[in-house]
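There are 2 protein chains.
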Amino acid sequence: MATMDKASSRDRLLDAAARLCYRDGVSIGVEALCREAGVSKRSMYQLFGGKDEMLAASLERRVPGYDARLTHPDPQAPPRERILYVFERLEKDSLDDDFHGCPFLAALVELKDPGHPASEVARGAKEQLARAFRTEAERGGARDPELLARQLMLVFDGAGARAGARLEHLADGLATATAGTLLDAAGLR
Amino acid sequence: MATMDKASSRDRLLDAAARLCYRDGVSIGVEALCREAGVSKRSMYQLFGGKDEMLAASLERRVPGYDARLTHPDPQAPPRERILYVFERLEKDSLDDDFHGCPFLAALVELKDPGHPASEVARGAKEQLARAFRTEAERGGARDPELLARQLMLVFDGAGARAGARLEHLADGLATATAGTLLDAAGLR
DNA sequence: AGGCGAAGAAACCGATCGGTGTATCGCACG
DNA sequence: CGTGCGATACACCGATCGGTTTCTTCGCCT
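The listed protein sequences derive, respectively, from chains A and B.
Using the UniProt record's numbering, the first residue of the first sequence is number 1, and each one after it goes up by one.
Using the UniProt record's numbering, the first residue of the second sequence is number 1, and each one after it goes up by one.
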């Protein structure tokens with residue numbers, strides 16, 4: 001069923017939404033989204049019920065890949081390495097010309113409504129990264145794992161936002177160095 | 001000239017733009033802006049030439065007050081105190097129900113175009129704060145003042161964005177503590 | 001008092017917004 | 001071979017977008 005040219009209408013729609021919303025912001029029109037996906041507006045509304053729901057679904061779909069991209073390939077690697085890997089990845093990604101920061105934070109900033117379905121998805125995604133930091137901080141014997149995780153999130157989101165807004169170039173390892181300083185101070189071996 | 005009910009049309013327009021854009025985002029309509037300011041669209045276009053220019057002017061107008069608000073009242077205070085004062089202010093401001101983070105960073109995130117007149121103003125405002133950090137870092141004898149200033153900006157913008165997006169509560173001094181750790185590591189006396 | 005310019009109100013422009021209604025098409029299934 | 005459903009194309013809805021035009025009103029200056 002569905003026009004399976006390559007992917008389902010639903011998937012093409014979610015991909016188009018992810019790409020265009022990331023590039024142009026969530027204010028992008030439904031018409032443009034559907035045109036890009038090669039799907040009729042009618043199908044879009046039947047599949048998702050509205051722009052807000054589709055936006056939320058689109059963000060949700062990005063979560064696993066986003067997390068995987070930031071996760072050190074070796075689960076046994078030392079906590080410090082696994083944490084710093086996240087910042088190294090961020091720095092590498094930020095070199096891309098079409099890098100615009102964390103898509104979840106951007107969505108939260110753009111739709112200022114915390115009750116928006118997409119906002120809740122985005123919040124969940126950010127909490128997931130914070131939890132990952134916390135877990136590694138505990139594993140590494142940090143003095144205050146929760147505090148360290150929150151500090152790392154400040155640096156991660158600050159670096160992402162600033163690099164995305166072209167306020168900062170992370171090429172010299174600024175984010176990694178800053179995270180490393182915080183790890184040192186937290187006694188993370 | 002002008003209806004000087006209280007302030008000039010120009011000033012009322014800039015204030016309305018600052019308030020509404022901060023609360024609802026820069027996608028707010030020109031109509032709503034003018035209605036709020038009690039100024040006709042005609043006058044708006046005569047005064048500023050377009051929405052983009054008015055938005056830029058509105059942001060520019062906020063710069064001095066924004067800087068003043070973050071600046072320690074005593075210019076002779078120790079650099080460490082003057083730097084930490086910025087983060088204390090941020091934390092206090094973030095408690096406000098209608099806090100939505102740094103208006104300049106938000107504008108940069110929302111209008112993704114770095115060439116937008118308002119984006120350039122916003123970039124200037126952020127550079128000004130970075131310079132202030134750098135100056136204090138030098139005064140305090142930090143090991144690498146430029147690096148420290150950039151690190152502090154990561155924390156400042158990360159904290160502002162996350163608190164504004166309701167991802168974090170800074171009430172416990174998270175930002176100040178993080179900044180303090182970085183100051184320690186930089187050897188800032 | 002007369003007149004001039006600045007500002008306001010409101011209609012208007014084409015385009016787009018999110019969202020629907022309708023009629024057609026194509027394909028799988030009975 | 002139908003039949004029915006899912007997807008499409010496309011017109012359409014009222015509202016709003018940024019921006020312009022017209023007309024009127026009002027305040028100030030000579």
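In this text, a Cβ means the ideal position worked out from N, Cα and C, and glycines have one as well.
| Item | Value |
| --- | --- |
| Listed by chain order, chain A residues near G25(B) by CB distance under 7 Å | E110, K112 |
| L111(B) (DSSP reduced to helix, strand or coil) | coil |
| Simplified DSSP state of T71(B), which is helix, strand or coil | coil |
| Proximity to A185(B) [Cα-Cα], best of G158(B), P78(B), Q151(B) | Q151(B) |
| Selection of the region 148-159 of chain A by Cβ proximity to chain B, strictly under 9 Å | R150, Q151, M153, L154, V155, F156, D157, G158, A159 |
| Within chain B, partners of K126(A) - CB distance below 7 Å | L167 |
| T176(B) at chain A interface by Cβ criterion, 8 Å | no |
| Under 9 Å by beta carbon: chain A residues contacting H100(B) | V109, K112 |
| Collapsed DSSP secondary structure at L174(B) in the structure displayed | helix |
| Endpoints, alpha helix (DSSP H) assigned at P117(A) | 117-139 |
| Status (buried if at least 16 other CB within 10 Å, exposed otherwise) for S27(A) | exposed |
| Same chain, Cβ closer than 6 Å to A61(A), neighbours up to 5 away in sequence not counted | Residue 61(A) is actually Arg in this sequence, not Ala. Closer than 6 Å at the Cβ level, and outside the excluded window around R61(A), lie L14. |
| Assumed close pair A118(B), L55(B) - CB separation to whole angstroms, cut-off 8 Å | 4 Å |
| Among L188(B), H72(B), C34(B), nearest to G141(B) - alpha-carbon criterion | L188(B) |
| Expected contact under 8 Å - CB spacing of D89(A) and L47(A) to nearest Å | According to the sequence provided, residue 89(A) is Arg. The question's Asp does not apply to it. Incorrect: roughly 32 Å between the Cβ atoms, too far for contact. |
| N-terminal and C-terminal residue of the alpha helix (DSSP H) that D96(A) is part of | Where D96(A) is concerned, there is no enclosing alpha helix (DSSP H), given that its DSSP letter is neither H nor E. |
| 8 Å Cβ cutoff, D184(B) in contact with chain A | yes |
| Spatial neighbours of E31(A) in its chain, beta-carbon cut-off 8 Å, leaving aside the 5 residues before and after | K41 |
| Cα-Cα separation between L144(A) and A137(A), rounded to whole angstroms | The amino acid occupying residue 144(A) in the given sequence is Asp; Leu does not appear at that position. Spanning the two alpha carbons is a distance of roughly 8 Å. |
| Chain B contact for L84(A) (CB, 8 Å cutoff) | no |
| Sequence-distant residues of its chain with Cβ nearer than 8 Å to E36(B) (five each side left out) | A16, R19, L20 |
| CB-CB length for L170(B) against A163(B), believed under 8 Å | 5 Å |
| Residue from D97(B), I83(B), M153(B) whose Cα sits closest to the Cα of K126(B) | M153(B) |
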